[in-house]
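Using this note's numbering, read the sequence shown as starting at 9 and increasing by one per residue.
Even glycine gets a Cβ: it sits at the ideal position worked out from N, Cα and C.
Model, not experiment: these values are computed from the prediction.
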Amino acid sequence: MRYLMEVYTDERAQQQRLEEDVRQGLTARQKSLPPKYFYDRAGSILFERITELPEYYPTRTESTLLGEIVPGLFRDFFPDEIVEIGSGSSEKTRRILDAVSAGGRTVRYVPLDVDRQTIESSAARLIRDYPALSVHAVVGDFERDLPHVRPPSGRRLALFLGSTIGNLDEPARRRLLAGVRGLLPDHRDRLLLGVDLVKDVKILEAAYDDSAGVTRDFNRNILHVINRGVDGNFHPEAFRHRAFYNAAAARIEMHLVADSAQHVKLGRLGLTIRFRPGEGIWTESSYKFTRESVESMLATAGLTLSEWHVDPSNYFALVLAAPA
Ligand SMILES: C[S@@+](CC[C@H](N)C(=O)[O-])C[C@H]1O[C@@H](n2cnc3c(N)ncnc32)[C@H](O)[C@@H]1O
């Protein structure tokens with residue numbers, strides 16, 4: 009069978025979790041929402057537009073770097089299976105699939121993402137374009153559902169690209185990497201991790217606050233998701249997009265800031281949330297890394313850095329890691 013999909017996002021459980029996350033996040037002193045709620049269909053499309061913006065260097069830098077390292081990567085190591093965590097459109101993955109499926113070699117690709125529609129449409133395109141590929145898609149939450157990924161058939165390469173790992177805070181990163189380590193049972197298995205690096209603040213801040221306002225729309229989209237999910241009456245345009253680099257914590261923070269006092273009703277939760285003028289909702293962190301911070305993060309999960317590849321500007325790194 010060339011295409012199989014497993015879905016672990018039971019709708020009722022997902023609704024319950026959304027309600028708990030919103031209640032907890034919006035009643036805390038520092039209001040916040042988990043960034044996974046950015047990614048409904050509209051959010052995924054906006055994210056794809058972000059990746060094409062001139063200010064947004066990570067995707068094109070990572071993609072070029074991937075193209076450069078792929079031939080060397082598969083000189084000594086050839087995977088039978090590729091598991092991709094937070095796969096999204098799988099566009100960059102093509103650089104890898106081109107190499108591993110060359111000559112009609114059969115490879116299994118296991119994309120895992122929360123957004124079912126995105127995974128379905130990208131899987132359909134991959135099946136069409138790679139005749140030797142079988143796709144076993146998993147719709148689920150990478151913070152919970154990694155144990156559902158079936159044991160590998162042969163050598164496995166896990167991919168976690170786009171510096172999505174930077175959206176998790178330290179304890180969550182550690183848990184996630186421990187889960188990824190569990191996906192690599194053989195000492196010859198590998199993880200390829202994309203990480204955005206600490207750099208000039210101006211470059212970092214522009215990447216999260218583009219002149220065309222696409223990141224603003226992406227940020228506000230989370231309020232549309234919440235309105236739909238808990239019968240809310242947020243006016244997303246009444247919230248200003250704010251993105252800044254917090255150097256002490258080595259992270260970009262994205263917030264949505266109420267320009268004026270707001271009372272927002274969340275019908276399904278029986279709650280009214282009040283905002284003072286200038287009060288914000290923290291919607292995303294994007295941590296930035298150095299080689300040292302990556303090495304120590306990997307070590308906590310029983311992984312060791314085996315290759316470190318950076319672009320000439322030192323903006324982005326692709327890290328090949330092995331079970332320690
Ligand atoms: C920053 S995008 C990166 C997409 C792609 N890997 C790339 O590099 O362009 C993050 C991706 O992870 C997915 N995602 C975010 N949180 C997730 C979660 N908790 N579980 C599974 N997927 C998640 C999103 O749907 C989105 O496709």
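Straight-line Cα distance separating residue j from residue i
| i | j | result |
| --- | --- | --- |
| T114 | R136 | 14 Å |
| A329 | L185 | 11 Å |
| G221 | R250 | 11 Å |
| Y138 | F82 | 18 Å |
| A132 | R259 | 35 Å |
| V265 | E287 | 6 Å |
| L169 | P159 | 21 Å |
| F86 | R20 | 40 Å |
| H243 | G96 | 28 Å |
| L134 | E89 | 15 Å |
Expected contact under 8 Å - CB spacing of residue i and residue j to nearest Å
| i | j | result |
| --- | --- | --- |
| R310 | R189 | The question names Arg, but residue 310 is Gly in the sequence shown. With a Cβ gap of about 5 Å, G310 and R189 count as contacting. |
| S52 | T126 | 5 Å |
| F324 | P66 | 6 Å |
| G240 | G275 | 7 Å |
7 Å Cβ cutoff met for residue i and residue j
| i | j | result |
| --- | --- | --- |
| V30 | I234 | yes |
| A246 | L199 | no |
| L26 | G33 | no |
| G202 | E92 | no |
| D4 | R248 | Any answer about residue 4 is impossible in this case: the structure gives the chain only from 9 up to 332. |
| H317 | L326 | yes |
| S98 | S130 | yes |
| T280 | V206 | no |
| D319 | L73 | yes |
| G187 | Y295 | no |
| R103 | G75 | yes |
Identity of the residue in the options nearest residue i by Cα
| i | options | result |
| --- | --- | --- |
| Y64 | L74, Y216 and A307 | Y216 |
| A140 | V318, S171 and R10 | R10 |
| R124 | L205, V15, V318 and V272 | V15 |
| R182 | F324, E303 and T35 | E303 |
| E145 | R152, V157 and E151 | Going by the sequence as given, residue 145 is Ala instead of Glu. Considering only alpha carbons, the answer is V157. |
| V78 | T67, E99, P43 and V108 | V108 |
| T223 | Q38, L191 and F46 | F46 |
| T35 | P331, A257, H271 and R152 | H271 |
| A255 | R103, L191, A332 and L212 | L212 |
Residue range of the unbroken beta strand (DSSP E) whose run includes residue i
| i | result |
| --- | --- |
| V143 | L141 to V147 |
| L311 | L311 to V318 |
| M13 | Y11 to V15 |
| P87 | First-last for P87: undefined, no H or E at that position. |
| V157 | Element bounds for V157: n/a, residue is neither H nor E. |
Segment limits, alpha helix (DSSP H) that includes residue i
| i | result |
| --- | --- |
| I408 | With the chain running from 9 to 332 in the structure shown, residue 408 is simply not present. |
| T59 | R49 to T59 |
| D84 | Y65 to D84 |
| A269 | Looking at the DSSP string, A269 is not in any alpha helix (DSSP H), and its letter there is neither H nor E. |
| E27 | E19 to T35 |
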